[in-house]
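Quick mapping for you: the protein sequence lines, in order, are chains A and B. By the numbering used here, the letter at position 399 of the first sequence is numbered 1453, and the numbering carries on one by one without gaps. By the numbering used here, the letter at position 29 of the second sequence is numbered 45, and the numbering carries on one by one without gaps. The C-beta atom is built at its ideal place from N, Cα and C for all residues, glycine as well. Every value quoted in this text rests on a predicted model; they were computed, and no experiment measured them.
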Amino acid sequence: MELTRNPFIKNALKSRYPQLAVFIVMLVGYVFAILAGLIGTPVGSHNFSIVFVWIAWWAILILVAVPFFGRGWCAVCPIPLPGEWLQRGAVLTPPDKKPKWLNLRWPKALRNIWLQNISFLLLALFSSVLLTTPNITAIVLAAMLFAAIGLSTIFERRSFCRYLCPVGGFIGLYSQTAPIELRIKEKQVCVTCDGKPCYNGSANGYGCPWDVFPGGLTKNTYCGLCMECIRTCPHDNIAINLRPFSADLSKPSTRMDEAFKAFIMFGSAMIYAGVLLGPWGALKDAAYNVGTSAWFMYVIIFLGMIFIILPGLFSFSLSLSPNPSPAGRGVGVRVFASLATALLPLGLMFWVAFSLSFVLTNATYIFVSLSDPLGLGWNLFGTANTAWQPMLTSILAPAQTLALVGGLIWSARTAQKAAGEVKVSSIPVIIYCFIATLAMLWLLL
Amino acid sequence: MAFAPFPVRPVTPQERTFRIEAGQFSYTPSELSVNPGDTITIELVSTDVVHGLYVDGYDISVEADPGQTATLTFLADKPGSFRFRCNVTCGAMHPFMIGKLSVGQNEWFYRSIGLSIIATIGSIGYLMFPRLLPLITAH
Ligand code: SF4
Ligand code: SF4
Ligand code: SF4
Ligand SMILES: [Cu+2]
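Put into structure tokens, the structure is as follows:
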């Protein structure tokens, strides 16, 4: 179903003002989070930076934005804005004279998401400190803002988003499961289109900031839903469609960087569930005390899980397949990467189940922090003294089971489609997903 | 299978006392296991700063000052697995200072496993169905 057929939606997306209004609110919130982290209380659960970034934003991102709107967050994200405005020399429509930045192409060898995998893992390994220490959160937020500005002056378009952003990688990967997509309407119109303004830009807007050619889009992964192509396409050939969930996954990716991203997210969700929500104090100490030998052990186990144990067991299970890949015994890269696609729905549901627990337990801090963002004893809206209380504890376990078992079924269906594409059996992957689901149930329930 | 009632072993309710040491950011012991109907007394001792202990699902709590023992007595009348967690901000990792109380069997966990098994068999069966169909209809 085409949403952009509705004139109200279409005009709201085509005009730059509604988006700009959201951008400004987000940017103000982002800068405030940085300041709050630096000057507010060092107690994480009473500081705006921690509460609004890691509880409120995270909840909205993983429970609503990614599953239902894919890269919807990227459409309103403030991080790349200052750099982008500087690069363009304009906040709204393209100016007559563009500023002269280096505008280099991004190096070919780095045109993949390995850097994003690394940046995510770097944050993940320090996450216990990052999640709980306001000034560290502030420093990371500021660093992302400045890295995005720096890259905008050296490279063309949004290199930070495409190749470096630690959250952009998994948002993109999981956005394939979302029931929304931006696509062209008619292929033929694009073939005969002169100058391809959606990629090259025009007086009405900028060429795709995410460096994709909208005419060739088949997946959500790298389209940031920035809406530029709706503004630039002279033939009104861009549509935003409602579609079945996970439509992109029937054409599995064969890229190793994306396959490993799937394992990184899958494994991190399990590790976090055990370390942060489990009853094992020694694990928490190891994760928190960065630099100690216990922490180095934690790092080794973390990376070992993600790069060796999980993918190793995965390829082992594939090698047990009753009809091994035509590439011969063992597991070809193509088979491995295609079937890793099957981990996406379950991985997303692992994060949903983990986040439900974390977010519902700590949601009352949002009310406190709203009235007293810096933890200085203010009471702006009269909610500063809201007592801490876990929310909805009685539905938490059923909701987690629903997410995990639903994710398992969804992944099994995805595995069957992916296995069909590369002509192997999907059963080993389904069993793999089943065992992982049991582990996650045991950790969370 | 996933919804069948669980067999209940009758057990005589007991009074049990646990001494739990709370220190940044964990409880020792951090896992308690009791039977439904037991009367539980928790003696909470803090070894460093002020800590609390709040039991999810039961919505009850106790707070202990450093060096002092605080007690919490309650009837474990709800079966299942519950987290208990610190409810006094005690430092960075405070939101993750968590322990686990099991009252009887963790029924919901076993039911969830049952659902996962059904989901797995169902998914594989769904896959096999087109291959089995000719065999079934041939006879
Ligand atoms: S990729 Fe990262 S920085 Fe770019 S819009 Fe998305 S979340 Fe924001
Ligand atoms: S500008 Fe429009 S018609 Fe032309 S190539 Fe892009 S999407 Fe197709
Ligand atoms: S210009 Fe179009 S294709 Fe490119 S990121 Fe923006 S919305 Fe997606
Ligand atoms: Cu505490």
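- From the listed residues Q1141(A), R1159(A), W1160(A) and L1158(A), the smallest Cα separation to K1151(A) is found for Q1141(A).
- By the neighbour-count criterion, in which 16 or more other beta carbons inside 10 Å mark a residue as buried, G68(B) falls on the buried side.
- For T1286(A), the closest of K1305(A), N1171(A) and P1263(A) by C-alpha to C-alpha distance is P1263(A).
- Residues of chain A whose Cβ lies closer than 9 angstroms to the Cβ of K116(B) are, in chain order, G1332 and P1333.
- For the stretch 101-135 of chain B, the residues whose beta carbon sits under 7 angstroms from a beta carbon of chain A are, in order, N103, T105, A108, M109, H110, P111, F112, I114, G115, K116, N122, W124, F125, S128, I129, L131, S132 and A135.
- It is roughly 51 angstroms from the alpha-carbon of W1155(A) to the alpha-carbon of P1482(A).
- Residues of the stretch 1333-1358 of chain A with a C-beta atom less than 8 angstroms from some C-beta of chain B are P1333, W1334, G1335, A1336, K1338, D1339 and Y1342, listed in chain order.
- The beta-carbon of I1208(A) is placed no less than 8 angstroms from the nearest beta-carbon of chain B.
- When Cβ-Cβ separations below 8 angstroms define contact, W1442(A) makes contact with chain B.
- Taking 4 residues as the minimum length, the alpha helix (DSSP H) runs contained wholly in the stretch 1296-1334 of chain A are 1310-1331, in order along the chain.
- Residue-level contact by beta carbon holds for G73(B) and chain A, with a gap shorter than 8 angstroms.
- Residues L1400, C1487, F1488 and T1491 of the same chain have their beta carbon placed closer than 7 angstroms to that of L1462(A), with the five preceding and five following residues left out of the count.
- For W1464(A), the CB contacts under 6 angstroms within the same chain, skipping 5 residues up- and downstream, are P1399 in chain order.
- In the same chain as S1099(A), and ignoring 5 residues on each side of it, the C-beta atoms closer than 6 angstroms to its own belong to Y1419, in chain order.
- When C-beta atoms of the stretch 1191-1204 of chain A are compared with those of the stretch 1248-1267 of chain A, fewer than three pairs fall below 8 angstroms, so the two segments do not count as touching.
- A Cβ-Cβ contact shorter than 8 angstroms links G1094(A) with L1428(A).
- Listed along the chain, the chain B residues whose CB falls inside 9 angstroms of the CB of N1416(A) are P111.
- T1186(A) is the residue among L1081(A), T1186(A) and F1350(A) whose C-alpha sits nearest the C-alpha of I1109(A).
- Contact residues of ligand 2 (beta-carbon closer than 7 angstroms to any heavy atom; chain order) are I1238(A), V1243(A), C1244(A), C1247(A), K1250(A), P1251(A), C1252(A), Y1253(A), P1268(A), G1269(A), C1283(A), T1286(A), C1287(A), P1288(A), H1289(A), N1291(A) and I1292(A).
- Ligand 4 never approaches M1324(A) closely enough for any of its heavy atoms to be under 7 angstroms from the residue's Cβ.
- Interface annotation for the stretch 1069-1102 of chain A against chain B: V1097, G1098, S1099 and H1100, criterion Cβ-Cβ distance under 8 angstroms.
- Residues of chain A whose Cβ lies closer than 8 angstroms to the Cβ of F41(B) are, in chain order, G1335, K1338, D1339 and Y1342.
- For the pair A1473(A) and W1405(A), the CB atoms are not nearer than the 8 angstroms cut-off.
- For E1475(A), same chain residues with a beta-carbon under 7 angstroms away, outside a window of 5 residues either side, are P1306 and S1392 in chain order.
- The beta carbon of D54(B) sits closer than 6 angstroms to those of P29, Q30, R32 and A92, all from its chain and outside the five residues before and after it, given in chain order.
- Cα atoms of S1300(A) and P1121(A): separation of roughly 9 angstroms, rounded to the nearest angstrom.
- Taking the Cα of G107(B) as reference, the smallest distance to any Cα among F34(B), F41(B) and E79(B) is reached at F41(B).
- The Cβ atoms of V1107(A) and T1191(A) sit closer than 8 angstroms to each other.
- In this structure, A1348(A) sits near A1340(A), with a CB-CB distance shorter than 8 angstroms.
- A buried status is given to N1416(A), since no fewer than 16 other beta-carbon atoms sit within 10 Å of its beta-carbon.
- A contact between stretches requires three or more CB pairs, one per stretch, nearer than 8 angstroms, and the stretch 78-91 of chain B fails this requirement with the stretch 121-138 of chain B.
- The beta-carbon of E37(B) is placed no less than 8 angstroms from the nearest beta-carbon of chain A.
- Between L1236(A) and L1296(A), the C-beta spacing is not below 8 angstroms.
- H67(B) has its Cβ nearer than 7 angstroms to a heavy atom of ligand 4.
- Taking 8 angstroms as the CB threshold, E47(B) lines the interface with chain A.
- Remark: fewer than three beta-carbon pairs, one from each stretch, lie closer than 8 angstroms, so the stretch 1348-1361 of chain A and the stretch 35-49 of chain B are not flagged as touching.
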